[in-house]
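Inspection log for the structure reproduced underneath, given as structure tokens.
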Amino acid sequence: PVRLRGDRMNPVRTIERIIKAPDIHWVGTGFRVRQYFPDGDESPMLDRMSPFLLLDYNEPYYFEGSPFDTGDTPHPHKGFETVTFSFSGSIEHKDAAGNSGVIHSGDVQWMTAASGVIHKEFHEKEYAKRGRLFHALQLWVNLPERHKNDAPAYQYIPATTMGRYQSLDETIDAIVYTGAFRHITGPAKSHTPMNIYKLKLQPNSWISISENMTWNTGFLVINGTGTANGESIESGDFVLFNNDGERFEVESGDEGLEIFV
Numbered sequence: 001p002v003r004l005r006g007d008r009m010n011p012v013r014t015i016e017r018i019i020k021a022p023d024i025h026w027v028g029t030g031f032r033v034r035q036y037f038p039d040g041d042e043s044p045m046l047d048r049m050s051p052f053l054l055l056d057y058n059e060p061y062y063f064e065g066s067p068f069d070t071g072d073t074p075h076p077h078k079g080f081e082t083v084t085f086s087f088s089g090s091i092e093h094k095d096a097a098g099n100s101g102v103i104h105s106g107d108v109q110w111m112t113a114a115s116g117v118i119h120k121e122f123h124e125k126e127y128a129k130r131g132r133l134f135h136a137l138q139l140w141v142n143l144p145e146r147h148k149n150d151a152p153a154y155q156y157i158p159a160t161t162m163g164r165y166q167s168l169d170e171t172i173d174a175i176v177y178t179g180a181f182r183h184i185t186g187p188a189k190s191h192t193p194m195n196i197y198k199l200k201l202q203p204n205s206w207i208s209i210s211e212n213m214t215w216n217t218g219f220l221v222i223n224g225t226g227t228a229n230g231e232s233i234e235s236g237d238f239v240l241f242n243n244d245g246e247r248f249e250v251e252s253g254d255e256g257l258e259i260f261v
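Residue numbering for the sequence shown follows this note's numbering, starting at 1 and increasing by one per position.
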């Protein structure tokens, strides 16, 4: 059936471009990432995906066990937030003020650097001693000017507290991190209104998604193949939408599809 028929009440959001997987680079010794944006000092994505400043994706990668630190050296952040999603693996952080914590598979750490933080991130020491499949994603989120000099703060968000959605026919599952998807809300608090969620589509299923036309919108294909508004997509693609409508359609192929919106 033809589904992509917008109307004045619910116009179709068209695709601006599909960004293929960028080259891999290492952040320290523990994070093997593809940086989707920014892609240069004057990257137009800084405007097109505002308030998001950076998207680093560590696709599933097998690490050998090691007794040494596996991660990044101490580094500063100021004026924005770093949001770390562990899809598989245990990530520890420590900062210069003595704060520390560990997130495990399915957890999120939302760090508001604000007036400034010096910290390091690494694979949790016991976890790092054994061979493991590591899979994670990090977003940087700009802070409104009035919050850039706030005191640093942390949100530890366990997997058990995430919003969960399942369609009536059980073909669509969602994990909601912040904002809302359908009628389900996520636990994370953000200074700028946003929706962040992960969708898993069973093979050969589809969904129509609506987002505020004025909100910059895109999604990363985590796994599988399918289509977005009829255009082919595969693992590693980032789909950027125009701000010309609300509704877009995603359909999965024979192997199913997982996307991070």
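No residue lacks a Cβ here, since even glycine has one placed at the ideal position from N, Cα and C.
Rounded Cβ spacing between residue i and residue j (contact assumed at less than 8 Å)
i       : j       : result
Met-162 : Ile-175 : 5 Å
Gly-224 : Ser-235 : 6 Å
Leu-143 : Ala-114 : 6 Å
Trp-110 : Ala-180 : Not a contact, Cβ separation roughly 17 Å.
Leu-201 : Ile-222 : Between Ile-222 and Leu-201 the Cβ distance is about 11 Å, and since that is not below 8 Å, they are no contact.
Asn-58  : Arg-247 : Contact doesn't hold; Cβ gap of about 31 Å is too wide.
Ser-190 : Phe-134 : No, Ser-190 and Phe-134 are not in contact; Cβ-Cβ is about 26 Å, not under 8 Å.
Delimiting residues of the beta strand (DSSP E) encompassing residue i
i       : result
Ala-96  : It is not in any beta strand (DSSP E) - Ala-96 carries neither H nor E in the DSSP assignment.
Arg-48  : From DSSP, Arg-48 is part of no beta strand (DSSP E) but of the alpha helix (DSSP H) over 45–48.
Pro-60  : 52–63
Arg-164 : 163–166
Thr-112 : 108–112
Leu-139 : 132–142
Residue i versus residue j - alpha carbon distance
i       : j       : result
Asn-216 : Gly-71  : 31 Å
Ser-90  : His-75  : 20 Å
Val-12  : Phe-63  : 42 Å
Asp-23  : Phe-241 : 22 Å
Pro-1   : Thr-178 : Residue placement at Pro-1 is flagged as unreliable, the pLDDT there being 37, under the threshold of 50; a coordinate-derived value is accordingly withheld.
Ala-151 : Val-117 : 9 Å
Ser-66  : His-123 : 10 Å
Thr-214 : Gly-245 : 9 Å
Ile-18  : Ile-207 : 19 Å
Glu-251 : Ser-205 : 6 Å
Thr-112 : Phe-80  : 6 Å
Glu-255 : Val-261 : 19 Å
Thr-192 : Glu-145 : 11 Å
Lys-20  : Asp-237 : 5 Å
Gly-28  : Gln-166 : 38 Å
Asp-169 : Asp-107 : 27 Å
Ile-196 : Ala-136 : 15 Å
Gly-131 : Asn-243 : 44 Å
Asp-39  : Leu-220 : 16 Å
Pro-60  : His-147 : 35 Å
His-25  : Arg-34  : 6 Å
Gly-230 : Pro-158 : 35 Å
Ile-259 : Ala-128 : 27 Å
Gly-186 : Ser-105 : 17 Å
Lys-286 : Ala-153 : Past the boundaries of the shown model lies residue 286; the chain is included only from 1 to 261, so the question cannot be answered.
Ser-232 : Leu-199 : 17 Å
DSSP bridge partner residues for residue i (one or two, in chain order)
i       : result
Glu-121 : His-93
Leu-201 : Ile-172, Leu-257
Glu-231 : Ala-228
His-25  : Val-33
Glu-249 : Ser-208
Phe-241 : Ile-15
Pro-76  : Ile-118
Thr-157 : According to the sequence provided, residue 157 is Ile. The question's Thr does not apply to it. Val-108, per the DSSP bridge assignment.
Gly-71  : Phe-122
Phe-85  : Val-108, Leu-137
Asn-223 : Glu-258
Thr-185 : Ala-180
Gly-218 : Leu-240
message: With three or more C-beta pairs closer than 8 Å as the rule, is the region 37–47 touching the region 101–112?
response: No, the region 101–112 does not touch the region 37–47.
- request: Mind the definition here: the region 13–20 touches the region 51–59 only if three or more C-beta pairs lie below 8 Å; say whether that holds.
  value: no
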